[in-house]
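Novice: There's a structure below that I have some questions on.
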Amino acid sequence: MTFRLRFWGTRGSIPTPGPHTVRYGGNTPCLEVRTETGWLVILDAGTGIRELGRALMKRASDGPVSGDPIAADIFLTHAHWDHIQGIPFFAPIFQSGNQFTIWGSKALETSVDRVIREQMAPVVFPVSFEELDARIDFREIAEERCAGNGYEVTAFAVQHPGGALGYRFTGKSSGRSFVYISDNELSPHEMYRVGPDWRERLVEFVRGASVLIHDATYTPAEYEQHRGWGHSTHEDAVALALDAGVQQLVLFHHRPERSDDELDQCLAECAALVRARGASLAIVAAAEGMDLSI
Ligand SMILES: [Zn+2]
Ligand SMILES: [Zn+2]
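Sequential numbering of the sequence shown, starting at 362, is according to the working numbering.
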């Protein structure tokens, strides 16, 4: 196995607890990834990271050496609220000995470092970033390839207001990959300065991945009201997955208003699209607590 993934937050924009989101979940984006060396990578730090933090603390205290330090690389796609709002509630940052590197896009208007610190300014949060006991480093990443513990990561600039990155993770020994693109508008829009070959380059970026996790916020009818808001339809996500020849598509960043039953309906429509193209593609909707092995 190259990667083990667990989804801790699947919802876009704002947490949506309640009876209609019990199955697919109401926490904003966060994934736990274990590489082939057992190293921990965390993708985005929405409210889902709070429960992940609790699980990590429990595992550390139950482990062979009680109180084992926790270390991870945290990759942020961008700094919109739903991708950072869980950080102040991620318990491991309050414990000394723990170490985290937060990776964010070099292309944001302001540095990720500054956004995370300001999210904990006294006017909006009671504990300041400087009071945290864990060691936290910041790294900026552009469209480039970086090597990590048991993985290699490549970043790609996607279409999203304010800028965002998609990440492709590849296992060092197996060469198997998955791609994580949480927020991305696949349809063209004049506000994005990406060049005419952007979609072609995106298809190559995703090409042959075992799993593509992609923004599927809107239905086509909803999308007409939200052009330029930075998100895709589930149909667009299917088209990208088919063009890039991935094995499995995971619909992600569910619209806050989307009920569990409506998501089932979206899945059925996606399956019909794949059949209509005479193709084969496994499709699931990301659900809190879901595990994937790659
Ligand atoms: Zn988002
Ligand atoms: Zn966003």
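The C-beta atom is built at its ideal place from N, Cα and C for all residues, glycine as well.
(1) Measure the CB-CB distance between T363 and E397 and report whether it falls below 8 Å.
(2) Going by DSSP in three states, L624 sits in which element: helix, strand or coil?
(3) At a cut of 8 Å, does the segment 531-546 reach the segment 560-576 through at least three beta carbon pairs?
(4) Give a single yes or no on whether H671 has its beta carbon closer than 7 Å to a heavy atom of ligand 1.
(5) So the candidates are A600, N388 and V645; which of them puts its Cα closest to the Cα of G639?
(6) My parser needs the beta strand (DSSP E) runs of 3 or more residues fully inside the segment 558-603; what are they?
(7) At a cut-off of 7 Å, would you count D443 as near ligand 1, judging by its Cβ distance to the nearest heavy atom?
(8) Check whether the Cβ atoms of L413 and W369 sit closer than 8 Å, and answer yes or no.
(9) Helix, strand or coil: how does DSSP classify T515 here?
(10) What is the rounded straight-line gap between the Cα of N388 and the Cα of W559?
(11) Beta-carbon separation of A647 and L610 under 8 Å?
(12) Excluding the 5 residues preceding and the 5 following D622 in the sequence, name in chain order all residues of the same chain whose CB lies nearer than 6 Å to its CB.
(13) Measuring CA to CA, which of E470, T377 and R411 is closest to H615?
(14) Which of helix, strand or coil does DSSP assign to W464?
(15) Using the C-alpha atoms, what's the distance from D576 back to I477?
(16) Determine contact between the segment 498-511 and the segment 546-556, defined as no fewer than three beta-carbon pairs at a distance below 8 Å.
(17) Any heavy atom of ligand 2 closer than 7 Å to the beta-carbon of D597?
(18) In the DSSP output, which residue or residues are listed as bridge partners for A433?
(19) State buried or exposed for I435, treating a residue as buried only when at least 16 other CB atoms are found within 10 Å of its CB.
(20) Given I375, which residues of its chain have a CB within under 6 Å of its CB, disregarding the five upstream and five downstream residues?
(21) Suppose the cutoff is 7 Å on Cβ atoms and the five residues either side in sequence are ignored; what does the same chain contact list for G428 look like?
Specialist: Looking at the atomic coordinates:
(1) yes
(2) helix
(3) yes
(4) Nothing can be reported for residue 671: it is not among the residues displayed for the chain, which extend from 362 to 655.
(5) Answer by Cα proximity: A600.
(6) Complete beta strand (DSSP E) runs here, min 3: 572-576.
(7) yes
(8) yes
(9) strand
(10) 31 Å
(11) no
(12) none
(13) T377
(14) Strand.
(15) Distance from the CA of I477 to the CA of D576, rounded to the nearest whole angstrom, comes to 23 Å.
(16) Not touching, per the Cβ criterion.
(17) no
(18) F461
(19) buried
(20) Residues of the same chain with a CB within less than 6 Å of the CB of I375, apart from the 5 flanking positions on each side, are P617 in chain order.
(21) A421 and S422
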